[in-house]
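Novice:
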Amino acid sequence: MYQEIQECKADSLSLPVGVGRRLSAYLALIRPYQWIKNLLVFAPVYFAGRLADPCLIKEAIGAGFLFCIAASIGYVINDWRDRKEDRNHPEKCKRPFASGVLKKLDGFLIGVILLALFFITLFFFKPTNGLIICILAYLLVSLSYSFFFKNIVLLEIFIVSSFFLIRVIAGGLATGIHISNWLFSTVFFLALLITIAKRKSEILVVGLSSKAHRESLGHYSIEFLNLFLWSVAGVSLVTYALYTVENDHNLVLSIMPATYGIVRFLYVTDSGKGGDPILTTIRDPHLLVCTIGFLLFICYKIYG
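Read left to right, the sequence shown gives residues 19 to 322 (my numbering).
1. Should the region 151-159 be regarded as contacting the region 179-187, the criterion being three or more beta carbon pairs within less than 8 Å?
2. Can you tell me whether residue 254 is buried or exposed? The criterion is at least 16 other CB atoms within 10 Å of its CB, across all chains shown.
3. Can you tell me whether residue 154 is helix, strand or coil according to DSSP?
4. Using the Cβ count rule (16 or more neighbours within 10 Å means buried), how would you classify residue 218?
5. When DSSP labels each residue in this structure, what does residue 121 get in the three-state scheme?
6. For residue 97, name the three-state secondary structure that DSSP assigns.
7. In or out: residue 125 buried (at least 16 other Cβ within 10 Å) or exposed?
8. Within 10 Å of its beta-carbon, does residue 33 have 16 or more other beta-carbons around it, so buried, or fewer, so exposed?
9. Between residue 121 and residue 154, what straight-line distance do the alpha-carbon atoms span, to the nearest angstrom?
10. Helix, strand or coil, according to DSSP, for residue 39 in the structure here?
11. Leaving out the 5 sequence neighbours to the left and right, which residues in its chain are closer than 7 Å to residue 188 when beta-carbon positions are compared?
12. Using 8 Å for Cβ pairs, my map puts residue 247 next to residue 215. What's the rounded Cβ distance?
13. Taking all protein chains shown into account, do 16 or more other C-beta atoms lie within 10 angstroms of the C-beta of residue 301, making it buried, or fewer, making it exposed?
14. Under 8 Å Cβ to Cβ from residue 25, same chain only, skipping five residues before and after it: list those, please.
15. Along the chain, where does the alpha helix (DSSP H) that runs through residue 146 open and close?
16. Express the C-alpha separation of residue 321 and residue 267 in angstroms, rounding to a whole number.
Right under this line is the structure:
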């Protein structure tokens with residue numbers, strides 16, 4: 019692993035930056051595959067059985083697009099802020115700023131473009147005041163995390179988890195749909211589960227140099243994170259089970275794929291592959307089929 023990091027650092031100094039590589043780096047910088055997380059803004063509409071309402075879908079799409087732009091702005095700032103630390107990670111050292119493919123001026127340029135898209139989207143979709151405040155809060159928390167809270171033990175885990183919750187809240191504000199207390203709790207604990215798994219995977223991958231990559235990692239032990247992880251996994255399943263009991267669409271049977279999915283995720287994380295929940299789900303056939311099957315079953319019960 020040490021050799022991989024050294025090779026990565028050497029590549030960042032020796033490889034010329036062509037136009038094609040620069041364009042690929044711009045795309046990698048805004049991380050479009052991470053926009054899948056913004057589907058959470060559709061959660062209130064989806065679970066309320068209102069997907070057939072075109073007005074609500076339009077509002078949810080607008081909110082989702084705004085979050086895609088806001089998230090990418092956060093990625094640009096975060097990657098620039100962490101470029102030195104990322105060079106101590108075997109995967110993150112390949113990021114555009116850490117590898118040296120992109121410079122500060124490139125980040126400024128892509129940031130200006132994203133901000134322009136953000137204001138254009140605001141003009142065309144005309145979101146509610148509540149949604150605008152929610153998105154601004156997301157940006158504020160994201161920036162605060164990047165510059166101040168990233169290395170505060172435990173607090174940083176809860177802040178990252180809040181990003182998932184803010185998306186769900188934004189979906190409710192955009193569509194005017196009330197978010198169930200149990201749904202809110204389930205999303206929170208699942209977000210916490212994903213974030214803890216990410217920290218555990220980082221320690222397993224980076225090893226002894228974990229503190230050089232992220233200062234807070236040096237204060238976590240695998241034993242503590244395992245205990246935290248399994249506790250949160252159990253609470254997540256209980257809260258979701260209670261949500262299905264409260265729901266009027268007889269969703270109780272969905273507890274089975276939900277349980278399998280969470281346990282499978284824990285199993286994959288145990289080998290250090292849970293660092294990126296999106297890529298982990300896509301690359302693991304069990305998780306991918308389980309997730310799709312779970313969503314299809316919910317869809318059948320609510321809309322069938």
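Glycine included, C-beta positions come from ideal geometry on N, C-alpha and C.
Specialist: Once the coordinates are examined:
1. Enough Cβ pairs lie closer than 8 Å, so yes.
2. Classification for residue 254: buried.
3. DSSP, read as helix, strand or coil, puts residue 154 in helix.
4. Classification of residue 218: buried, given that the 10 Å Cβ count is 16 or more.
5. Three-state result, residue 121: coil.
6. Taken through DSSP and simplified to helix, strand or coil, residue 97 comes out as helix.
7. Residue 125 should be labelled buried.
8. Note that residue 33 scores a pLDDT of 47, beneath 50, so its modelled location is shaky and nothing firm can be said.
9. Cα to Cα, the separation comes out at about 27 Å.
10. In the displayed model, residue 39 falls within a helix according to three-state DSSP.
11. Annotation for residue 188: 59, 81, 85, 149, 152, 153 place their beta carbon closer than 7 Å to its own, counting only its chain and skipping 5 residues before and after.
12. Contact check for residue 247 and residue 215: beta-carbon distance about 6 Å, within the 8 Å limit, so the pair qualifies.
13. With fewer than 16 other Cβ atoms within 10 Å, it is exposed.
14. At residue 25 the pLDDT is 49, less than 50, meaning the model places this residue with poor confidence and gives no usable figure here.
15. Per DSSP, residue 146 lies in no alpha helix (DSSP H) segment and is marked neither H nor E.
16. Inter-residue distance for residue 267 and residue 321 is about 9 Å (C-alpha atoms, whole angstroms).
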